[in-house]
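Protein chains in written order, with full-length UniProt numbering: chain X, 1 to 116; chain L, 1 to 116. Backbone N, C-alpha and C fix where the C-beta goes; we use that ideal spot for every residue, glycine too. Notes follow the structure.
2 protein chains.
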Amino acid sequence: MRKQRHPGYTHCPVEAALDLIGGKWKSILLFRVLEETRRFNELRRLMPGLTQRMLTNQLRELERDGLISRKVYAEVPPKVEYSMTEFGKTLEPVLLSLKQWAEVQMLPRMASCETT
Amino acid sequence: MRKQRHPGYTHCPVEAALDLIGGKWKSILLFRVLEETRRFNELRRLMPGLTQRMLTNQLRELERDGLISRKVYAEVPPKVEYSMTEFGKTLEPVLLSLKQWAEVQMLPRMASCETT
DNA sequence: GTATATAGTGTCTTATTTGATACTATTGGA
DNA sequence: TCCAATAGTATCAAATAAGACACTATATAC
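What follows is the structure, given as structure tokens:
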């Protein structure tokens, strides 16, 4: 989530967790990267409504927090791949649990949407 | 979470879920209410750092979204109890999964904190 | 008479997040 | 020669979230 609540101060682990994976886009990004290694523009296409700048920001924060890793290929045109770190992968059960709840409880209340 | 992304527009169920339980305090509030029925000032004491006004706001939103219910007792001094609705209770596995991850992964990175 | 507890509300200000838009470098292809 | 694709930056503006602080009513307790 946004800025840390009490910088340098001890707080509840759940709050700490939300500092990492909260925010409007992070968990959705994490889903996409968890599914498979993704490239920058691939993520952009998967998430219209997310601007380039926000995508960059969020990826940087996830990287900074050790959840995903960024691999740059020295090619032209540029190629950058994002994948889950070992630490990031530990989030899988949490993300799946959220996804499952969303599909059971929210989907029926909505129209249609490709989650895959 | 904050404002809905695409009002009146269909989006991913996970995004829809985050519209309900995202935000800086909501999931933590939900934990507390899930544990047991809580009174307003009880929640305030459990969450220093959360102002009275924010607490009111968040509770109102959770109530509006059908996750918790609010019961007012006609007493003086006032007494208001917050509890999970049936719908809210379906979130339990998600919340527990998050909590467990937080305790395993985040706690060791922090000092100490009573989560109970 | 005064203080205390409860569950708020109102107003104002600040911080943070989000978004729009334009711009960069480089190489391959038509 | 000009366009396209990639993975970004930079700058500015707007929307949202969060927080500070003061203030309310009422009954009971001291």
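Counting other Cβ atoms within 10 Å of its Cβ, X:R38 reaches 16 or more and is therefore classed as buried.
For L:L30 against L:L67, the beta-carbon gap comes to about 7 Å, under 8 Å, which counts as contact. Burial check for X:V72: the Cβ neighbour count within 10 Å stays below 16, so the residue is exposed. Sequence-distant partners of L:R32 (beyond 5 residues in either direction) whose C-beta falls short of 7 Å from its own C-beta, in its chain, are R38, L43 and L46. Residues of chain X whose Cβ lies closer than 8 Å to the Cβ of L:T90 are, in chain order, W101, V104 and Q105. Any Cβ of chain L closer than 9 Å to the Cβ of X:L43 would place that residue at the interface, and such an atom is absent.
Collapsing the DSSP output to three states places X:V76 in coil. Counting the other CB atoms within 10 Å of its CB gives L:P13 a total of 16 or more, which places it among the buried residues. Distance from L:V94 to X:W101 at the Cβ level is roughly 5 Å; contact confirmed, criterion being Cβ atoms closer than 8 Å. When the five nearest sequence neighbours on each side are left out, the beta carbons in the same chain lying within less than 6 Å of the beta carbon of X:F40 are those of V80, in order along the chain. For L:D19, the uninterrupted alpha helix (DSSP H) run begins and ends at P13 to I21, by DSSP. Interface with chain X (9 Å Cβ-Cβ cutoff): L:R64 is excluded. When the alpha-carbon of X:E61 is set against those of X:I21, X:K99, X:L50 and X:F87, the nearest one is in X:I21.
Relative to the Cα of X:G88, the nearest Cα in the group X:P77, X:V76 and X:S69 belongs to X:S69. With a threshold of 16 other beta carbon atoms within 10 Å, X:G23 meets it and is buried.
Assigned with DSSP and collapsed to three states, X:M54 falls in helix.
Of L:S27, L:E15, L:D65 and L:E63, the smallest CA-CA separation from L:K99 is found for L:S27. Against chain X, a Cβ distance below 9 Å from L:P93 picks out S97, Q100 and W101. Under DSSP, X:M84 takes part in a beta bridge, and its partners are X:I68. Scanning chain X for C-beta atoms nearer than 8 Å to the C-beta of L:F31 yields V14, reported in chain order.
Using a Cβ-Cβ cut-off of 9 Å, L:S69 is close to nothing in chain X; its nearest Cβ partner there is about 17 Å away.
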